[in-house]
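Structure record follows, encoded as structure tokens.
Protein chains: 2
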Amino acid sequence: MEKTELSQILKANFKHLENDLRDEIVQFGKLESIPAGDLLMDMGSPITYVPLIFEGNIKVTREDEEGNEIFLYYLESGDSCALSLICSGRERISRIRAVATEDVVAIMIPIAKMDEWMVKYKTWYYFVLETYQYRLEELLRTIDSIAFKKMDDRIVEYLRKTSETQNSLTLHATHQSIAQELNSSREVISRLLKKLEQKGMIKLGRNQIEIIDLFL
Amino acid sequence: MEKTELSQILKANFKHLENDLRDEIVQFGKLESIPAGDLLMDMGSPITYVPLIFEGNIKVTREDEEGNEIFLYYLESGDSCALSLICSGRERISRIRAVATEDVVAIMIPIAKMDEWMVKYKTWYYFVLETYQYRLEELLRTIDSIAFKKMDDRIVEYLRKTSETQNSLTLHATHQSIAQELNSSREVISRLLKKLEQKGMIKLGRNQIEIIDLFL
DNA sequence: TCGCTTATGTGACTTTGGTTACAAATGATC
DNA sequence: GATCATTTGTAACCAAAGTCACATAAGCGA
Numbered sequence: 142m143e144k145t146e147l148s149q150i151l152k153a154n155f156k157h158l159e160n161d162l163r164d165e166i167v168q169f170g171k172l173e174s175i176p177a178g179d180l181l182m183d184m185g186s187p188i189t190y191v192p193l194i195f196e197g198n199i200k201v202t203r204e205d206e207e208g209n210e211i212f213l214y215y216l217e218s219g220d221s222c223a224l225s226l227i228c229s230g231r232e233r234i235s236r237i238r239a240v241a242t243e244d245v246v247a248i249m250i251p252i253a254k255m256d257e258w259m260v261k262y263k264t265w266y267y268f269v270l271e272t273y274q275y276r277l278e279e280l281l282r283t284i285d286s287i288a289f290k291k292m293d294d295r296i297v298e299y300l301r302k303t304s305e306t307q308n309s310l311t312l313h314a315t316h317q318s319i320a321q322e323l324n325s326s327r328e329v330i331s332r333l334l335k336k337l338e339q340k341g342m343i344k345l346g347r348n349q350i351e352i353i354d355l356f357l
Numbered sequence: 142m143e144k145t146e147l148s149q150i151l152k153a154n155f156k157h158l159e160n161d162l163r164d165e166i167v168q169f170g171k172l173e174s175i176p177a178g179d180l181l182m183d184m185g186s187p188i189t190y191v192p193l194i195f196e197g198n199i200k201v202t203r204e205d206e207e208g209n210e211i212f213l214y215y216l217e218s219g220d221s222c223a224l225s226l227i228c229s230g231r232e233r234i235s236r237i238r239a240v241a242t243e244d245v246v247a248i249m250i251p252i253a254k255m256d257e258w259m260v261k262y263k264t265w266y267y268f269v270l271e272t273y274q275y276r277l278e279e280l281l282r283t284i285d286s287i288a289f290k291k292m293d294d295r296i297v298e299y300l301r302k303t304s305e306t307q308n309s310l311t312l313h314a315t316h317q318s319i320a321q322e323l324n325s326s327r328e329v330i331s332r333l334l335k336k337l338e339q340k341g342m343i344k345l346g347r348n349q350i351e352i353i354d355l356f357l
């Protein structure tokens with residue numbers, strides 16, 4: 142991709158950043174395409190860049206020692222990854238996994254530039270702080286969900302979020318995969334999905350869930 | 142308290158901060174004492190300062206619309222409050238509650254200075270970023286606990302954390318209050334505490350739990 | 001000491017979610 | 001279309017946690 146084209150894209154997706162900063166991003170950032178399904182970040186691999194997402198979605202999950210997994214949130218175009226900042230910052234192993242759910246186009250910023258720009262560009266400073274703040278809030282919402290809600294509500298919430306970020310009313314997932322994301326078991330998810338179908342909220346198919354109305 | 146005394150305390154508790162910065166903190170910060178039991182922050186009240194804690198502990202909890210509550214973590218001397226940064230940053234209502242569990246002495250930094258110092262002082266910059274990172278990790282650990290662990294383990298973990306921050310093997314709490322923090326019910330907590338007692342991990346008394354060995 | 005309030009103990013029961021063990025359906029491939 | 005792997009459906013059962021009902025017990029103040 143041409144630098145000028147990159148500059149255009151940047152202007153469109155991160156319009157709140159000042160011009161000089163965007164020039165530097167074009168200069169020092171490395172554009173990368175990540176095919177759907179690829180891991181951007183896995184447990185414990187040290188991070189040396191911070192991604193700015195142009196296109197596609199990224200699913201962020203948490204995994205514990207015993208292999209239990211749980212869905213945290215999606216990242217979309219215009220987002221950056223606060224958790225990559227965590228890993229980078231203290232060189233520590235954070236058991237976080239980030240997978241591209243659609244083909245992702247992102248520009249990779251070297252960590253060193255990160256810090257440099259914080260001082261140099263007010264807009265970058267606010268962007269990074271907002272990223273942190275937004276992710277903290279997102280994690281709090283995740284906690285709400287896990288701590289206070291029952292599995293059926295959590296499924297509905299998961300379907301809603303997934304439908305929103307993928308911008309589609311037809312989701313492609315197996316009950317097994319959903320069970321994994323919600324740290325439950327396949328049978329439980331099948332049971333509850335069936336109930337949602339009976340309520341007329343969704344329509345089930347093999348490898349597919351059609352969303353009719355999640356607010357019934 | 143004298144400015145010079147304040148300066149000494151600051152030097153002792155936040156020694157990683159550079160001298161000029163400490164001088165500014167003394168100059169612009171306001172020293173406050175918060176008696177045990179007082180709220181530092183409640184749901185939705187906008188924050189105009191960031192506290193640096195010298196003495197005492199602060200318990201941070203999350204509450205949802207329906208009044209369900211859950212313990213997140215403790216803040217101790219040397220900490221700041223990343224969540225106050227959230228509230229301040231976007232002027233948004235975050236349903237977070239911070240209560241002093243012991244008498245707290247803290248210095249309150251006006252938000253404006255916060256931003257100013259980020260650019261001016263490298264040590265402040267790293268301190269704030271580390272605060273964010275550390276709290277994000279803490280929240281992830283909270284998620285692990287809620288999502289992956291059963292109630293008995295969660296109680297043990299809660300007792301351990303509380304004992305550590307209060308630096309005491311004798312805790313003063315009712316089963317009801319613990320139930321609230323873990324978003325459970327009194328009877329369940331009583332039952333499980335009794336089991337822990339039978340295993341010899343704790344000794345129960347009225348309004349009191351004596352910790353014997355939580356690693357049995 | 002006598003009440004009274006607050007805290008704890010406990011049994012019985014319900015609900016939610018996890019487990020086991022299959023059966024049936026769907027799609028892909030030959 | 002027959003075969004096969006994958007996915008989904010379901011029933012029966014189990015375990016954890018929440019609820020209800022009530023019994024004690026411990027501390028406090030009059």
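If you're matching them up, the sequences are chains E and P in order. Every letter in the first sequence is one number past the one before it in this note's numbering, and letter 166, counting from 1, is 307. Every letter in the second sequence is one number past the one before it in this note's numbering, and letter 154, counting from 1, is 295. Ideal Cβ placement from N, Cα and C applies to all residues, glycine included.
Provide the residue(s) that pair with residue i in DSSP beta bridges, ordered along the chain.
{"i": "M292(E)", "result": "Partner(s): none; M292(E) has no beta bridge."}
{"i": "A253(P)", "result": "Its beta-bridge partners do not exist; DSSP assigns none."}
{"i": "G346(E)", "result": "Q349(E)"}
{"i": "I237(P)", "result": "R203(P)"}
{"i": "P176(E)", "result": "Looking at the DSSP assignment, P176(E) forms no beta bridge with any residue, so it has no partner."}
{"i": "K171(P)", "result": "M249(P)"}
{"i": "L270(E)", "result": "According to DSSP, which records beta bridges pairwise, L270(E) is partnered with nothing at all."}
{"i": "I211(E)", "result": "R203(E)"}
{"i": "S221(E)", "result": "L193(E)"}
{"i": "L312(E)", "result": "I350(E)"}
{"i": "L151(E)", "result": "None; L151(E) has no bridge partner."}
{"i": "M182(P)", "result": "A239(P)"}
Measure how close the beta-carbons of residue i and residue j come, nearest whole angstrom, since I'm counting them as under 8 angstroms.
{"i": "A288(E)", "j": "I287(P)", "result": "5 angstroms"}
{"i": "S148(P)", "j": "P192(P)", "result": "So it is not a contact: roughly 18 angstroms between Cβ atoms."}
{"i": "L162(E)", "j": "I248(E)", "result": "Actually they do not touch by this definition, with Cβ atoms about 12 angstroms apart."}
{"i": "S309(P)", "j": "D244(P)", "result": "So it is not a contact: roughly 15 angstroms between Cβ atoms."}
{"i": "M259(E)", "j": "V269(E)", "result": "6 angstroms"}
{"i": "P251(P)", "j": "F155(P)", "result": "So it is not a contact: roughly 17 angstroms between Cβ atoms."}
{"i": "L345(P)", "j": "M292(P)", "result": "That pair is no contact at about 17 angstroms."}
From the options, pick the residue whose C-alpha is nearest to that of residue i; which is it?
{"i": "L101(E)", "options": "D354(E), K171(E), L323(E) and S326(E)", "result": "In this structure chain E extends from 142 to 357, so residue 101(E) is not present and cannot be described."}
{"i": "K302(E)", "options": "K171(E), Y214(E) and A239(E)", "result": "Y214(E)"}
{"i": "E278(P)", "options": "Q168(E), E204(E) and E146(E)", "result": "E204(E)"}
{"i": "I319(P)", "options": "K344(P), M259(P) and I296(P)", "result": "I296(P)"}
{"i": "R238(P)", "options": "V201(P), W258(P) and V260(P)", "result": "V201(P)"}
{"i": "A153(E)", "options": "G178(E), Y275(E), K261(E) and E196(E)", "result": "E196(E)"}
{"i": "S304(E)", "options": "S331(E), E351(E), L333(E) and T315(E)", "result": "E351(E)"}
{"i": "R276(E)", "options": "E217(E), K344(E) and I250(E)", "result": "E217(E)"}
{"i": "P176(E)", "options": "D285(E), I199(E) and I150(E)", "result": "I199(E)"}
{"i": "A253(E)", "options": "I330(E), G208(E) and Y190(E)", "result": "Y190(E)"}
{"i": "L158(E)", "options": "M292(E), I330(E), Q349(E) and W265(E)", "result": "W265(E)"}
{"i": "G341(E)", "options": "R347(E), A314(E), F356(E) and Y273(E)", "result": "F356(E)"}
{"i": "L312(P)", "options": "G219(P), R236(P), N348(P) and D164(P)", "result": "N348(P)"}
{"i": "E207(P)", "options": "N324(P), T145(P), T315(P) and T306(P)", "result": "N324(P)"}
{"i": "D183(E)", "options": "R236(E), Y262(E) and K144(E)", "result": "R236(E)"}
{"i": "T272(E)", "options": "L151(E), L181(E), G219(E) and R282(E)", "result": "G219(E)"}
{"i": "Y267(P)", "options": "Q274(E), D256(E), Y267(E) and Q307(E)", "result": "D256(E)"}
{"i": "I343(E)", "options": "N160(E), L280(E), L300(E) and I194(E)", "result": "L300(E)"}
{"i": "K290(P)", "options": "Q321(E), N209(E) and D164(E)", "result": "N209(E)"}
Check whether the Cβ atoms of residue i and residue j lie closer than 8 angstroms to each other.
{"i": "Q339(E)", "j": "R327(E)", "result": "no"}
{"i": "A129(P)", "j": "D179(P)", "result": "Limits of chain P in this structure are 142 at one end and 357 at the other, which puts residue 129(P) out of reach."}
{"i": "I284(E)", "j": "I211(P)", "result": "yes"}
{"i": "L151(P)", "j": "I166(P)", "result": "yes"}
Under 7 angstroms: does the beta carbon of residue i sit that close to some heavy atom of the ligand MG?
{"i": "F195(P)", "result": "As for the ligand MG, it is missing from this structure, which has no ligand bound."}
Can you list, in chain order, the residues of the region 197-217 of chain E whose Cβ is nearer than 7 angstroms to any Cβ on chain P?
Cβ contacts with chain P come from R203, D205, N209 and I211.
Determine which residues of the region 254-268 of chain P have a Cβ less than 7 angstroms from any Cβ of chain E, and write them out in chain order.
Within the region 254-268 of chain P, the qualifying residues are M259, V260 and Y266.
Please name the residues in the region 165-190 of chain E whose beta-carbon is closer than 8 angstroms to at least one beta-carbon of chain P, in chain order.
Flagged: no residues at all.
Residues from the region 271-285 of chain P in contact with chain E, defined by Cβ distance under 9 angstroms
Hits within the stretch, in order: E271, Y273, Q274, Y275, R276, L277, E278, L280, L281, T283, I284 and D285.
Residues in the region 296-329 of chain E with C-beta within 8 angstroms of chain P's C-beta atoms, listed in sequence order?
Answer in chain order: N324.
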